[in-house]
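All remarks here apply to the structure that follows.
Protein chains: 2
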Amino acid sequence: MRIILDGMGGDNAPRETVKGAVWAAGEIKEHEIIIVGKEDEIKAELETCGFQGDNIKVVHAGDVITMEDSPVKAIRRKPDASMVVGLCMLRDGEGDLFLSGGNTGALVVGSRMILDRIDGIDRPVLASIYPCLGYEPSLLVDAGASAEAKAHHLLEYGLMGSIYIEKVWGRPNPSVGLVNLGAEESKGTSVTKDAHRRFKMAPVHFIGNVEARELPKGACDVIVCDGFVGNVILKLSEGLAMNILNVVKNKLMTNLKTKMAALMLKPQLEELKGDFDYEEYGGAPILGVNGPVIKFHGSSTASAVKNAIIKGIPYGSENVVDIIRTSMLDLEETIEKDEEEQDA
Amino acid sequence: MRIILDGMGGDNAPRETVKGAVWAAGEIKEHEIIIVGKEDEIKAELETCGFQGDNIKVVHAGDVITMEDSPVKAIRRKPDASMVVGLCMLRDGEGDLFLSGGNTGALVVGSRMILDRIDGIDRPVLASIYPCLGYEPSLLVDAGASAEAKAHHLLEYGLMGSIYIEKVWGRPNPSVGLVNLGAEESKGTSVTKDAHRRFKMAPVHFIGNVEARELPKGACDVIVCDGFVGNVILKLSEGLAMNILNVVKNKLMTNLKTKMAALMLKPQLEELKGDFDYEEYGGAPILGVNGPVIKFHGSSTASAVKNAIIKGIPYGSENVVDIIRTSMLDLEETIEKDEEEQDA
């Protein structure tokens with residue numbers, strides 16, 4: 027497989043991206059990594075890493091999309107940016123998977139514009155890994171790409187998320203839950219009620235509504251919600267976890283006795299820190315475009331970049347895009363039939 | 027002041043409600059508490075408590091609205107229920123404040139039906155205390171009463187919340203924040219954008235959009251959002267905090283060494299538990315109806331009931347309802363003028 031990596035995307039690029047690529051290349055010798063970006067800078071980093079293998083290639087792209095760039099404008103006006111070049115290579119079959127840690131908005135917009143939507147998908151979307159302390163992580167869709175969603179968008183999110191988890195994470199028959207005010211079907215907005223009805227016809231393991239309280243306990247494999255609610259879930263979880271851990275940390279620093287206790291708890295505290303480390307789960311997919319694209323965190327270290335590459339491989343090899351296309355067309359037929367029956 | 031208490035509302039009623047009333051009565055001798063409910067049961071509890079004072083009165087109500095009752099039906103079909111009798115007494119001037127730990131939906135619906143909306147308020151709402159670890163708590167409006175909201179509803183929520191915090195919590199010039207995807211005015215849905223514009227004209231200390239990440243750090247005194255998002259914020263915070271503390275607790279129980287450390291940390295861990303204790307902040311107000319109504323948690327202990335009564339007194343004495351009415355009418359004029367100017 028040929029993996030295209032945006033060498034310039036992320037806060038610490040190209041240093042950490044190249045280092046991550048080198049580490050990954052050592053582990054996945056049967057695959058090739060194509061780093062796109064400023065050739066001289068990337069080659070210099072490869073040299074610093076002392077890379078001796080033959081499964082990293084560099085493709086020059088002279089421009090960079092920054093975090094401050096406006097997504098649509100950047101994609102249109104920076105054809106030589108590493109992100110744009112990488113997406114075009116994916117479109118043109120010069121690679122099988124594209125990863126970037128760059129401007130999220132630009133990556134979503136660029137994927138839509140350059141790769142186009144999958145037939146039958148109305149709205150491509152960015153998913154996000156939702157870490158559950160003490161449980162396997164969930165996949166949350168939509169992570170914030172579109173504030174509002176119609177029922178058929180939510181259905182798309184759930185279907186695509188389910189296929190992704192099964193094929194890329196290797197979790198069979200993943201459960202799909204719809205974020206709602208309560209477990210009863212009658213709860214929520216007109217949109218969630220309509221989505222609930224559609225989900226019951228979809229070829230996914232739909233477990234119904236899930237309340238936000240259940241999410242941190244791994245309530246379902248795929249968390250479905252609009253981008254506004256998705257943003258609230260992700261950001262609030264992050265903020266609250268940070269706040270609680272800070273308070274705990276301060277309590278451990280109260281006096282000599284608590285400091286001694288903290289010392290005795292060191293292995294457990296380290297473990298706890300590890301549990302919060304999202305990096306090991308890899309990047310987050312853009313779903314619904316004609317090509318596998320993965321976003322990793324802008325602040326990713328080399329180790330996170332490496333994980334994103336290795337864990338992302340099945341997205342490039344498992345025909346996820348084709349399966350989404352077929353499933354969506356089948357589902358549309360089912361729903362049309364149902365609507366005809368309801369009208370009759 | 028005469029404080030009307032639904033003696034039968036809550037999981038542990040009338041035992042905990044009566045005990046809470048007795049404790050409160052001892053501290054606020056200048057006020058009278060009227061407990062509404064089954065007279066024999068309440069008098070028996072008063073006797074158990076050994077109450078000797080003269081500032082508790084009992085008013086008989088032979089029926090009870092249960093947690094399973096459907097709100098609208100219950101209010102219509104159970105005219106003798108303690109909640110209905112209490113609300114009617116408040117409406118008829120036989121008391122100055124009403125508190126209940128009963129069925130939340132019934133209390134919201136009953137308040138709307140029996141007390142009616144304040145002139146100028148389109149939608150009464152249930153607020154909730156949002157506890158911030160290490161910071162003063164915020165007031166979140168809407169806590170989940172209505173899944174969807176229009177811009178003018180959000181504006182009402184913010185205005186009413188601001189008046190409540192200033193008058194009842196005694197916090198001057200409270201800050202009002204609109205939950206949104208990002209800090210920029212252009213972010214969010216058409217509803218949040220419209221609400222943002224209106225808030226800038228409102229007589230509140232509007233600090234603009236707040237991201238969910240900032241909420242646990244006490245980002246603003248009044249958190250404004252629709253009931254769907256409010257429910258997600260409240261329930262997710264509860265679930266996540268519980269999950270993190272459970273994981274921490276398990277880590278403390280790993281082996282003898284960690285158990286010893288836990289023992290050394292006992293005072294700090296107790297403190298932490300106290301920080302999570304929402305009961306000390308009192309109950310949550312229903313805002314926008316013609317009378318001060320406070321909801322306390324169904325699982326409230328006597329101590330929580332006592333706190334809800336004592337901390338709720340200013341809601342009965344500070345003319346909050348009148349101030350909301352006047353402020354809302356003034357604001358409507360401002361907005362109408364603005365809209366005329368925009369049309370011109």
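Top line first, the protein sequences correspond to chains A and B.
Quick note, the first sequence lines up with residues 27 to 370 if you use this note's numbering.
Quick note, the second sequence lines up with residues 27 to 370 if you use this note's numbering.
Where is the CB? At the ideal position from N, CA and C, for every residue including glycine.
Given the structure is predicted, the values throughout are model-derived calculations rather than measurements.
Buried or exposed (CB count within 10 angstroms, at least 16 for buried), residue i
{"i": "leucine 204 (chain B)", "result": "buried"}
{"i": "leucine 282 (chain A)", "result": "exposed"}
{"i": "serine 172 (chain A)", "result": "buried"}
{"i": "methionine 34 (chain B)", "result": "buried"}
{"i": "glycine 160 (chain A)", "result": "exposed"}
{"i": "glutamate 373 (chain A)", "result": "The first residue shown for chain A is 27 and the last is 370, placing residue 373 (chain A) beyond what the model contains."}
{"i": "methionine 93 (chain A)", "result": "exposed"}
{"i": "alanine 370 (chain B)", "result": "exposed"}
{"i": "methionine 354 (chain A)", "result": "buried"}
{"i": "asparagine 129 (chain A)", "result": "buried"}
{"i": "serine 326 (chain B)", "result": "buried"}
{"i": "asparagine 333 (chain B)", "result": "buried"}
{"i": "serine 212 (chain B)", "result": "exposed"}
{"i": "glutamate 192 (chain B)", "result": "buried"}
{"i": "glycine 214 (chain B)", "result": "buried"}
{"i": "asparagine 276 (chain A)", "result": "exposed"}
{"i": "glycine 314 (chain A)", "result": "buried"}
{"i": "asparagine 269 (chain B)", "result": "buried"}
{"i": "proline 105 (chain A)", "result": "exposed"}
{"i": "arginine 138 (chain A)", "result": "buried"}
{"i": "leucine 123 (chain B)", "result": "buried"}
{"i": "arginine 224 (chain A)", "result": "buried"}
{"i": "leucine 289 (chain B)", "result": "exposed"}
{"i": "aspartate 80 (chain B)", "result": "exposed"}
{"i": "alanine 330 (chain B)", "result": "buried"}
{"i": "lysine 55 (chain B)", "result": "exposed"}
{"i": "alanine 228 (chain B)", "result": "buried"}
Residue nearest to residue i in terms of C-alpha spacing, selected from the options
{"i": "isoleucine 259 (chain B)", "options": "B:Val167, B:Asn269 and B:Ala334", "result": "B:Val167"}
{"i": "asparagine 257 (chain A)", "options": "B:Val274, B:Asn206 and B:Lys292", "result": "B:Asn206"}
{"i": "proline 242 (chain B)", "options": "B:Asp252, B:Ser137 and B:Leu262", "result": "B:Leu262"}
{"i": "alanine 221 (chain B)", "options": "B:Gly128, B:Ile361 and B:Leu152", "result": "B:Ile361"}
{"i": "proline 318 (chain A)", "options": "A:Gly79, A:Val98, A:Glu174 and A:Val194", "result": "A:Val194"}
{"i": "phenylalanine 77 (chain A)", "options": "A:Glu359, A:Ser137, A:Glu162 and A:Ala50", "result": "A:Ala50"}
{"i": "lysine 45 (chain B)", "options": "B:Met27, B:Arg28, B:Lys55 and B:Glu73", "result": "B:Glu73"}
{"i": "glycine 309 (chain B)", "options": "B:Ile140, B:Ser154 and B:Pro105", "result": "B:Ser154"}
{"i": "isoleucine 189 (chain A)", "options": "A:Ile30, A:Asp364 and A:Ser201", "result": "A:Ser201"}
{"i": "valine 248 (chain B)", "options": "B:Gly170, B:Asn316 and B:Tyr156", "result": "B:Tyr156"}
{"i": "asparagine 316 (chain A)", "options": "A:Arg28, A:Cys114 and A:Lys55", "result": "A:Cys114"}
{"i": "leucine 165 (chain A)", "options": "A:Arg197, A:Val331, A:Lys176 and A:Ala175", "result": "A:Arg197"}
{"i": "alanine 175 (chain A)", "options": "A:Val255, A:Leu31 and A:Gly88", "result": "A:Val255"}
{"i": "isoleucine 312 (chain A)", "options": "A:Val62, A:Pro150, A:Val98 and A:Ala87", "result": "A:Pro150"}
{"i": "lysine 152 (chain A)", "options": "A:His323, A:Asp37 and A:Glu120", "result": "Correcting the residue identity first, residue 152 (chain A) is leucine in this sequence and not lysine. Per the Cα distances, A:His323."}
{"i": "glycine 131 (chain B)", "options": "B:Val273, B:Asp95 and B:Pro163", "result": "B:Asp95"}
{"i": "glycine 52 (chain B)", "options": "B:Val62, B:Leu266 and B:Ile82", "result": "B:Ile82"}
{"i": "arginine 239 (chain B)", "options": "A:Leu266, A:Cys251 and A:Gly244", "result": "A:Leu266"}
{"i": "glycine 63 (chain B)", "options": "B:Glu306, B:Ala87 and B:Ser343", "result": "B:Ala87"}
{"i": "serine 216 (chain B)", "options": "B:Val135, B:Leu180 and B:Ala245", "result": "B:Leu180"}
{"i": "alanine 47 (chain A)", "options": "A:Ile61, A:Val134 and A:Gly127", "result": "A:Ile61"}
Interface partners of residue i on chain E, CB under 9 Å
{"i": "methionine 286 (chain B)", "result": "In the structure shown, chain E does not exist; the protein chains are A and B."}
Check: residue i C-beta below 7 Å from any heavy atom of the ligand ADP
{"i": "glutamate 359 (chain B)", "result": "Within the structure as shown, the ligand ADP is missing, as the structure has no ligands at all."}
>> Can you pull out the residues from the region 113-145 of chain B whose beta carbon lies closer than 7 Å to at least one beta carbon of chain A?
In response: none
> Of all the residues that make up the region 288-301 of chain A, which are near chain B by a beta-carbon distance shorter than 9 Å?
Replying inline: Ala288, Leu289, Met290, Leu291, Pro293, Gln294, Leu295, Glu297, Leu298 and Asp301
>> Which complete beta strand (DSSP E) runs does the region 318-364 of chain B hold, if anything under 3 residues is left out?
In response: 319-321
> Which residues, in chain order, does the region 164-192 of chain B contribute to contact with chain A at a C-beta distance below 7 Å?
Replying inline: Gly170, Ala173 and Glu174
> When the Cβ atoms of the region 143-159 of chain B are set against those of the region 106-116 of chain B, are three or more pairs found closer than 8 Å?
Replying inline: no
> If contact means a Cβ-Cβ distance below 7 Å, which residues of the region 246-269 of chain B contact chain A?
Replying inline: Phe254, Val255, Asn257, Val258, Ile259, Lys261, Leu262, Ser263, Glu264, Gly265, Leu266, Ala267 and Asn269
> Quick one: any contact between the region 225-239 of chain B and the region 176-192 of chain B, if contact means 3 or more CB pairs under 8 Å?
Replying inline: yes
>> My parser needs the beta strand (DSSP E) runs of 3 or more residues fully inside the region 152-203 of chain B; what are they?
In response: 164-167
> Between the region 83-94 of chain A and chain B, which residues of the former have CB atoms less than 9 Å from a CB of the latter, in chain order?
Replying inline: none
> Given 8 Å as the limit, is there contact between the region 287-298 of chain B and the region 282-291 of chain A, that is, 3 or more CB pairs closer than that?
Replying inline: yes
> Counting only runs that start and end within the region 97-138 of chain A, where is the beta strand (DSSP E) found for 3 or more residues in a row?
Replying inline: 123-126
> Of the residues that make up the region 207-220 of chain A, which ones have a beta carbon closer than 7 Å to any beta carbon in chain B?
Replying inline: Leu207, Gly214 and Thr215
>> Any C-beta of chain B within less than 8 Å: which residues of the region 55-78 of chain A qualify?
In response: none
>> Closer than 8 Å between beta carbons: that is the criterion. Which residues of the region 337-369 of chain A meet it against chain B?
In response: none
> Looking at chain B, which residues of the region 222-245 of chain A have a Cβ within less than 7 Å of any of its Cβ atoms?
Replying inline: Glu237, Ala238, Arg239, Glu240, Leu241, Pro242 and Lys243
> Whole beta strand (DSSP E) runs in the region 196-246 of chain A with 3 or more residues, listed along the chain?
Replying inline: 201-205 and 231-236
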